[in-house]
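Chemist: This note's numbering puts the first residue of the sequence shown at 16, with every later residue one more than the last.
There's a structure below that I have some questions on.
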Amino acid sequence: MRKSAEQRRAEMREAADAIAVSDGLAAVTVRSLAQRMGVVPGLIAHYVDSMDVLRAETVGRVLTAELEDFREVVETETSTRNRLRLLTELLTRAGREGASALWLDAWSYGLRVLPIAAEVRAHMDAWQAFIQQLIEAAVDAGDVECRDPDATAWHIIAVADGLNAHGLVQYRDREALRRQLAKAIGESLGLSPEDLCS
């Protein structure tokens, strides 16, 4: 049975997401999509007006799914301090390499590709809001001290991003990266690294 246009687009989105995470944003091409979907490249070209837009949409979907997964797991904890501890673990866990590499790809592409830059900024804002909310909840609960949750959230994101980039090239082991992130978060919130790194 011939597939509908929407079915083809859904398959293309799924293929693009998988390729971006496993092989990088540059690997999302007409040829790679066709190969993964088992169709001729001309069919992909028929549905894709702009590879820049397709890659930007791919970045958006993958990063949205990642943040939703983080939020769902972190919110299983009722204690605000435990939520921060779990966040520290999740940000430095093994298995995030594909998502971390995609962030790096997207930042690099965003220098020259405006749709990708817009997606990256939107998702940086979403992460900022997520971490800021965790901090504000912990302050309200009396679990941490923080005068500027907005700036502190930005700092935490910057440190986590840098450490995850280090992890991509195996610069120090995963546990060392986790300890460094716990130290940075702890110092920002009046906690010891041990409070955040089990």
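We put the CB at the ideal spot given by N, CA and C, even for glycine.
Report all residues from its chain with a CB closer than 6 Å to the CB of R100; omit the five preceding and five following residues, and keep chain order.
Modeler: L211
Chemist: Whose CA, out of E104, A197, L58 and T73, lies closest to the CA of A30?
Modeler: T73
Chemist: Are the CB atoms of S123 and N179 within a distance shorter than 7 Å?
Modeler: no
Chemist: Measure the alpha-carbon distance for L58 versus R28 and round it to whole angstroms.
Modeler: C-alpha separation (whole angstroms): 14 Å.
Chemist: Starting from the Cα of G39, find the closest Cα among V55, A71, M16 and H61 and give me that residue.
Modeler: A71
Chemist: Put G157 into one of helix, strand or coil per three-state DSSP.
Modeler: coil
Chemist: If you drop the 5 nearest sequence neighbours on each side, which residues of the same chain put their C-beta closer than 8 Å to that of R24?
Modeler: So the qualifying residues of the chain are Y62.
Chemist: Do you know whose CA, among A168, L196, A133 and W169, lies nearest H215's CA?
Modeler: Nothing can be reported for residue 215, as the shown portion of the chain is limited to 16 through 213.
Chemist: Could you tell me the distance, in whole angstroms, from the CA atom of S207 to the CA atom of R86?
Modeler: Between S207 and R86, the C-alpha separation is close to 23 Å.
Chemist: Count the other CB atoms, across all protein chains shown, that sit within 10 Å of the CB of T167; report buried if there are 16 or more and exposed otherwise.
Modeler: T167 should be labelled buried.
Chemist: I'd like the span of the alpha helix (DSSP H) that includes T95, first residue to last.
Modeler: Where T95 is concerned, the enclosing alpha helix (DSSP H) stretches over T95 to L106.
Chemist: Are the Cβ atoms of V77 and P130 separated by less than 7 Å?
Modeler: For V77 and P130, no; Cβs fall outside 7 Å.
Chemist: Could you check where the alpha helix (DSSP H) with M16 kicks off and where it finishes?
Modeler: No alpha helix (DSSP H) holds M16; DSSP gives it neither H nor E.
Chemist: So A175 and T95 are in contact, right, with Cβ under 8 Å, and what is the actual spacing, rounded?
Modeler: Going by Cβ atoms, the distance from A175 to T95 rounds to 18 Å, so no, they are not a contact pair.
Chemist: Considering just the uninterrupted stretch of the alpha helix (DSSP H) at E72, what are its terminal residues?
Modeler: From DSSP, the alpha helix (DSSP H) with E72 extends over M66 to V89.
Chemist: For Q185, name the three-state secondary structure that DSSP assigns.
Modeler: coil
Chemist: If you follow the alpha helix (DSSP H) that D210 is part of, which residue opens it and which one closes it?
Modeler: P208 to L211
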